[in-house]
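K.L.:
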């Protein structure tokens with residue numbers, strides 16, 4: 001028997017008075033967080049939610065997320081985290097596809113009325129029976145949304161004690177939806193064992209301090225934030241400092257104020273930290289910050305070098321997917337790490353390179369990464385055809401292309417779907433982005449393929465210039481021509497003030513295309 005809620009329960013038993021969650025001026029200790037999660041579990045049970053039922057949760061990084069997340073798990077339910085940027089139509093799709101019986105949604109703000117969208121989606125579906133508003137005002141019993149019930153009014157009179165439902169290790173704990181870049185989003189079923197083993201294996205990579213403090217800005221509705229921040233942090237009995245939306249100067253201020261020891265982010269977050277303009281005590285920040293981790297997409301070498309120069313620390317890169325809980329490989333600082341690499345497989349996980357026919361690729365490669373081990377999902381919910389495409393002889397095909405050195409370190413080349421075929425030649429955007437970002441006037445680069453009448457695809461680069469730069473298209477094209485083979489350099493360049501990004505900070509190349 002195994003239930004992921006043990007992560008919170010162990011902290012409440014061992015360090016009940018330690019701060020578990022910090023949100024602005026609000027501080028919630030482990031005992032209180034566990035008590036509220038117990039109340040949520042009792043509420044769900046009273047509303048007819050049974051073991052295996054789905055409970056949807058739409059919230060940014062607020063204390064509501066762990067309250068409901070672990071409350072649903074305690075009740076034996078499956079958590080369905082929803083991206084807070086989804087439209088009402090998209091929320092309705094997720095509710096219907098998952099068969100969710102309950103939906104908890106944050107009210108939102110005037111510029112992001114999440115609650116209105118969520119409540120409209122709830123009313124448009126038949127399977128979902130309970131809607132609970134997570135109000136912006138702590139403790140509010142009246143909702144700003146007509147007809148909605150707030151969490152605090154629903155919890156009135158519920159007990160803070162609850163006997164956690166004993167689930168099996170292979171029971172689905174979380175149904176995490178992919179981003180849907182290749183069609184409708186698919187729900188990856190992650191078990192209690194998937195998530196617990198991934199948190200424990202990831203935690204083993206780092207040295208513990210007596211009391212770690214995690215700056216939790218990675219969205220908790222995304223699996224990267226859930227495992228490396230929420231689950232890994234609670235396993236350590238750490239304090240989670242919650243930041244709902246990444247703002248570089250605010251992040252540095254929180255690091256300074258709270259003595260943050262662990263930070264995990266996507267590459268654009270590190271790019272943002274390097275460009276922060278505020279006045280911060282960098283010596284105090286770097287003295288505490290012992291671990292910095294990057295994932296979600298490839299970390300540009302230039303960003304990694306600049307972090308070493310300005311922050312005096314190495315950003316360690318790993319690799320994973322929603323379907324793998326997510327961590328597959330990592331640069332283990334206790335053993336050896338290599339700049340530009342995604343490291344080697346973590347404990348209990350295997351990786352190999354395969355070709356399009358699933359023949360194993362020997363030596364350096366390149367080839368598609370295939371994975372097997374405790375981290376791999378049970379499968380896509382209700383998608384037997386999709387499962388048949390990604391599973392082969394017990395291995396999961398990732399769709400990512402990599403090379404491998406003689407020490408077993410893997411180096412991402414690119415996503416197979418991002419590869420550009422120009423005039424019959426394979427071009428990997430990541431290689432071009434790495435080169436373009438070494439230009440002194442280039443701050444950020446994203447490369448995509450666009451349709452071309454004779455070449456099939458042409459290479460286009462979207463560029464954010466360094467502040468004050470007057471770099472022209474002709475100058476950058478000419479420079480790139482000197483750095484890259486004739487079939488590789490971008491013929492098309494567009495300068496922008498910003499690039500479209502997901503809620504996790506990954507560049508949305510499908511929009512650029």
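Numbering (the UniProt record's numbering), first residue to last: 1 to 513. Cβ atoms here follow ideal geometry from the backbone N, Cα and C, with glycine treated the same way. Keep in mind the model is a prediction, meaning the values are calculated, not measured.
Between which two residues does the alpha helix (DSSP H) containing residue 93 stretch?
P.N.:
Where residue 93 is concerned, the enclosing alpha helix (DSSP H) stretches over 88-98.
K.L.:
Relative to the alpha-carbon of residue 40, which residue among 55, 285, 263 has its alpha-carbon at the smallest distance?
P.N.:
With distances taken between Cα atoms, residue 40 lies closest to 55.
K.L.:
Quick check on residue 192: does DSSP put it in helix, strand or coil?
P.N.:
Helix, per DSSP.
K.L.:
So the candidates are 235, 111, 434; which of them puts its Cα closest to the Cα of residue 10?
P.N.:
Checked all of 235, 111, 434; the closest Cα to residue 10 is 235.
K.L.:
With residue 35 as the anchor, note down where its alpha helix (DSSP H) starts and where it stops.
P.N.:
Unbroken alpha helix (DSSP H) run through residue 35: 30-46.
K.L.:
Just the Cα atoms here: how many angstroms apart are residue 465 and residue 318?
P.N.:
Going from the Cα of residue 465 to the Cα of residue 318 covers about 28 Å.
K.L.:
Taking the beta carbon of residue 133 as the centre, do at least 16 other beta carbons fall within 10 Å, making it buried, or is it exposed?
P.N.:
Buried, by the Cβ-count rule.
K.L.:
Tell me the DSSP secondary structure of residue 514 in three-state form.
P.N.:
It is not possible to answer for residue 514, since the shown part of the chain is limited to 1 through 513.
K.L.:
Would you say residue 61 and residue 326 are within 7 Å of each other, going by their C-beta atoms?
P.N.:
No, they are not a contact pair.
K.L.:
Let me know if residue 142 comes out buried or exposed under the rule of 16 or more other beta-carbons within 10 Å of its beta-carbon.
P.N.:
Flag for residue 142 reads exposed.
K.L.:
Using the DSSP secondary-structure output, state which residues sit across from residue 122 in a beta bridge.
P.N.:
DSSP lists no partner for residue 122.
K.L.:
By Cβ distance, which residues of its chain are closer than 7 Å to residue 75, with the 5 residues on each side in sequence left out?
P.N.:
Correct list, in chain order: 41, 44, 45, 49, 165.
K.L.:
Leaving out the 5 sequence neighbours to the left and right, which residues in its chain are closer than 8 Å to residue 451 when beta-carbon positions are compared?
P.N.:
Here the set comprises 457, 458.
K.L.:
Is the distance from the Cβ of residue 118 to the Cβ of residue 322 below 7 Å?
P.N.:
Against a cut-off of 7 Å, the Cβ pair of residue 322 and residue 118 comes out as no contact.
K.L.:
Can you check which of these residues, 252, 225, 261, is closest to residue 210 by C-alpha distance?
P.N.:
Residue 210 has its Cα closest to that of 261, out of 252, 225, 261.
K.L.:
Could you check the C-alpha separation between residue 313 and residue 344 for me, to the nearest Å?
P.N.:
If I take the Cα positions, the gap works out to 21 Å.
K.L.:
Let me check understanding here. Comparing Cα to Cα, which of 58, 8, 316, 148 lies closest to residue 32?
P.N.:
Comparing Cα-Cα distances from residue 32 to each of 58, 8, 316, 148, the minimum goes to 8.
K.L.:
Could you have a look at residue 489 and say whether DSSP puts it in helix, strand or coil?
P.N.:
Coil.
K.L.:
List the endpoints of the continuous alpha helix (DSSP H) containing residue 307.
P.N.:
Residue 307 -> alpha helix (DSSP H) spans 301-311.
K.L.:
Taking residue 253 as part of the alpha helix (DSSP H), name the residues at either end of that continuous run.
P.N.:
Where residue 253 is concerned, the enclosing alpha helix (DSSP H) stretches over 248-258.
K.L.:
Starting from the C-beta of residue 254, find all residues in its chain whose C-beta is less than 7 Å away, skip the five residues before and the five after it, and write them out in chain order.
P.N.:
The answer, listed in chain order, is 215, 241, 243, 260.
K.L.:
Classify residue 428 as helix, strand or coil using the three-state DSSP reduction.
P.N.:
Three-state result, residue 428: coil.
K.L.:
Output the distance between the C-alpha atoms of residue 488 and residue 287, rounded to the nearest integer angstrom.
P.N.:
Going from the Cα of residue 488 to the Cα of residue 287 covers about 42 Å.
K.L.:
Near residue 347, what residues of its chain come up, given a Cβ to Cβ distance below 7 Å and the 5 sequence neighbours on each side ignored?
P.N.:
Once the five neighbours on either side are set aside, the close Cβ partners of residue 347 are 201, 204.
K.L.:
Would you check if there are 3 or more beta carbon pairs closer than 8 Å linking the stretch 360-380 to the stretch 431-448?
P.N.:
Segments in contact, no.
K.L.:
Should residue 138 go down as buried or exposed, given a rule of 16 or more other Cβ atoms within 10 Å for buried?
P.N.:
Exposed: under 16 other Cβ atoms inside 10 Å.
K.L.:
Look at the alpha carbon of residue 194 and the alpha carbon of residue 175, and state the distance between them as a whole number of angstroms.
P.N.:
Rounded to the nearest angstrom, the two C-alpha atoms are 12 Å apart.
K.L.:
Along the chain, where does the beta strand (DSSP E) containing residue 478 start, and where does it finish?
P.N.:
Residue 478 -> not in any beta strand (DSSP E); alpha helix (DSSP H) instead, spanning 473-483.
K.L.:
Among 1, 251, 339, 67, whose alpha-carbon lies nearest the alpha-carbon of residue 30?
P.N.:
That would be 67, whose Cα lies nearest to the Cα of residue 30.
K.L.:
Would you check if the stretch 502-511 and the stretch 219-230 touch, i.e. whether three or more CB-CB distances between them fall below 8 Å?
P.N.:
Short answer: they touch.
K.L.:
Using 10 angstroms around the beta-carbon of residue 365, count the other beta-carbons present and answer buried if the total reaches 16, otherwise exposed.
P.N.:
Its Cβ being crowded by 16 or more others within 10 Å, residue 365 is buried.
K.L.:
Would you report the Cα separation of residue 483 and residue 97, rounded to the nearest angstrom?
P.N.:
C-alpha separation (whole angstroms): 48 Å.
K.L.:
Is the beta carbon of residue 88 closer than 7 Å to that of residue 58?
P.N.:
Their beta carbons are not under 7 Å apart, which means residue 58 does not touch residue 88 by this criterion.
K.L.:
Tell me, to the nearest whole angstrom, how far the beta carbon of residue 507 is from that of residue 130; I am working on the premise that it is less than 8 Å.
P.N.:
With 8 Å as the limit, residue 507 and residue 130 do not qualify as a contact, their Cβ atoms being about 37 Å apart.
K.L.:
With respect to the beta strand (DSSP E) encompassing residue 20, which residues constitute its N-terminal and C-terminal limits?
P.N.:
Its beta strand (DSSP E) spans residues 19-23.
K.L.:
For residue 230, I'd like the list of residues in its chain whose CB is within less than 6 Å of its CB, leaving aside the five on either flank, ordered along the chain.
P.N.:
Hits under 6 Å: 220.
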